[in-house]
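Note sheet for the following structure.
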Amino acid sequence: MTIRLPSELIAAGLAPADALADLARVAERYAVAITPEIAALIDRADPQDPIARQFVPDVKELEAAPGERADPIGDDAHSPVDGIVHRYPDRVLLKLVNVCAVYCRFCFRREMVGPGKQMLSPQQLDAALGYIAANPAIWEVILTGGDPLVLSPRRLTDVMRRIAAIDHVKIVRLHTRLPVVSPDKITPALVRALKASGKTTYIALHANHPRELTPAVRAACARLIDAGIAMVSQSVLLRGVNDDAVTLEALVRAFVECRIKPYYLHHADMAPGTAHFRTTIEEGQTLMRALRGRVSGLAQPTYVLDIPGGHGKVPVGPGYIDMCGDAGAVVEDIAGVRHGY
Ligand code: SF4
Numbered sequence: 055m056t057i058r059l060p061s062e063l064i065a066a067g068l069a070p071a072d073a074l075a076d077l078a079r080v081a082e083r084y085a086v087a088i089t090p091e092i093a094a095l096i097d098r099a100d101p102q103d104p105i106a107r108q109f110v111p112d113v114k115e116l117e118a119a120p121g122e123r124a125d126p127i128g129d130d131a132h133s134p135v136d137g138i139v140h141r142y143p144d145r146v147l148l149k150l151v152n153v154c155a156v157y158c159r160f161c162f163r164r165e166m167v168g169p170g171k172q173m174l175s176p177q178q179l180d181a182a183l184g185y186i187a188a189n190p191a192i193w194e195v196i197l198t199g200g201d202p203l204v205l206s207p208r209r210l211t212d213v214m215r216r217i218a219a220i221d222h223v224k225i226v227r228l229h230t231r232l233p234v235v236s237p238d239k240i241t242p243a244l245v246r247a248l249k250a251s252g253k254t255t256y257i258a259l260h261a262n263h264p265r266e267l268t269p270a271v272r273a274a275c276a277r278l279i280d281a282g283i284a285m286v287s288q289s290v291l292l293r294g295v296n297d298d299a300v301t302l303e304a305l306v307r308a309f310v311e312c313r314i315k316p317y318y319l320h321h322a323d324m325a326p327g328t329a330h331f332r333t334t335i336e337e338g339q340t341l342m343r344a345l346r347g348r349v350s351g352l353a354q355p356t357y358v359l360d361i362p363g364g365h366g367k368v369p370v371g372p373g374y375i376d377m378c379g380d381a382g383a384v385v386e387d388i389a390g391v392r393h394g395y
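Quick note on the working numbering: the sequence shown kicks off at 55 and runs consecutively.
In structure tokens, the structure reads:
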């Protein structure tokens, strides 16, 4: 059973009994869900366990930090119709559901997701798909949420069929945590539902720590990839979870071993009550430099920041080159030694 209540967190040994009142205050504000697979991964003897830190509520979530905002990446500023975010000309987000199988404590959409939050009505879905059909520049549709894979295979098949009927859309990408947090839900019926005739399907898998990639998770990803679905990774740089080179190295190696191309390492967004997870950008750049020296290009994610306010996502380094006008450039190697070019 998925753990949702403060009393269940305590009964499962994931929090001390005297934390009940604090847990209740956090749970009142932000949704809580921990699947049995994730609960089983948590080391109860380790107060710093990186899996627990991602999913077990913390009273620090009630502390607001300067600059934090309910819509940190500015989705609302780019939403022409309900469920659509059209920030870049050639792609849209289609937010089908506002629920997830788990609720990550650092979630950038934490104000929008949770049980009871609305999903798109049939009329809103018609209007969203109509918007995509009417905009021939849209080459890629990104299903996100919430977690779109919590929908039944029947509903996903319906949406994928309707997208497949739009000629100018070539790529359908789904952002999900489900293969990590509930690998058994990646059933043959679900895998079939994700294939849209004539389109290429990508799955962006959200995982942040190498321990999340258990044998069952790896098998679930293999079911998707063996069916012809390409996979990339998305991770968030999180203090106390993966903000060290050894953990990041193990994470990206695990992705590549699973045939998942490391894609993005997100700098943690300015979501409310998440300051205890955020590193500095300088720390992130130092980690990326360390990664460059440790693993091949195949295993390198791009370190990105979503500029608060809806101004889009950009790589935030580190940079290896200083341009010197007519005098050429100075390039730094992975050991930090600078060379003229
Ligand atoms: S699965 Fe994604 S959308 Fe859902 S809580 Fe985690 S980060 Fe947020």
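Cβ coordinates follow ideal geometry from the N, Cα and C atoms, glycine included.
query	result
CB contact flag (I257, I217, <7 Å)	no
Integer-rounded CB distance, given that A329 should sit under 8 Å from R164	At roughly 13 Å, the Cβ-Cβ gap does not stay under 8 Å, so R164 and A329 are not in contact.
Proximal residues to P169 (C-beta, below 7 Å), its chain only, five neighbours per side dropped	A85, V153
Nearest-angstrom Cβ-Cβ length linking V306 and V349, presumed shorter than 8 Å	6 Å
Residue nearest to A276 in terms of C-alpha spacing, selected from S289, C312, R246	C312
Top-ranked residue by Cα proximity to P369, from R227, G137, Q354, T230	Q354
Alpha helix (DSSP H) segment containing I105, residue limits	104-109
Buried/exposed call for C161, threshold 16 Cβ in 10 Å	buried
Proximity below 7 Å, CB of H260 to CB of R231	yes
Cα-Cα separation between I361 and A322, rounded to whole angstroms	11 Å
For E194, the first and last residue of its enclosing beta strand (DSSP E)	194-198
Proximity below 7 Å, CB of Y157 to CB of A69	no
Three-state class that DSSP yields for L319 in the structure shown	strand
Under 7 Å between C-beta atoms of V207 and A247	According to the sequence displayed, residue 207 carries Pro and not Val. Against a cut-off of 7 Å, the Cβ pair of A247 and P207 comes out as a contact.
Those residues which DSSP pairs with Y256 across a bridge	R227, A284
Cross-strand partners of V146 (DSSP beta bridge)	V195
A383 (DSSP reduced to helix, strand or coil)	strand
Cβ-Cβ distance between S236 and A155 below 7 Å	yes
Beta-carbon proximity of A71 to G364, cut-off 7 Å	no
The alpha helix (DSSP H) enclosing V245, as first and last residue numbers	242-247
Cα-Cα separation, M342 to L302	9 Å
Counterpart residues of H393 in DSSP-defined beta bridges	V385
Simplified DSSP state of Y185, which is helix, strand or coil	helix
Spatial distance of K114 from V80 (CA atoms)	9 Å
E194 and R265 closer than 7 Å at C-beta	no
Whole-angstrom distance between R332 and L291, CA atom to CA atom	8 Å
Check whether D103 and D112 have beta carbons under 7 Å apart	no
Proximal residues to A250 (C-beta, below 8 Å), its chain only, five neighbours per side dropped	M214, R215, I217, A218, V226
Local conformation of V156 per DSSP, three classes	coil
Proximity of Y185 and I240 at Cβ, strictly below 7 Å	no
Outcome for D297 when other beta-carbon atoms lying within 10 angstroms are tallied against a minimum of 16	buried
Cβ shell of K107 (< 7 Å), same chain only, five flanking positions each side left out	In the sequence on display, residue 107 carries Arg and not Lys. Excluding positions up to five away in sequence, the list reads G294, V295.
Where R141 sits in the DSSP three-state scheme	strand
Beta strand (DSSP E) segment containing M377, residue limits	375-377
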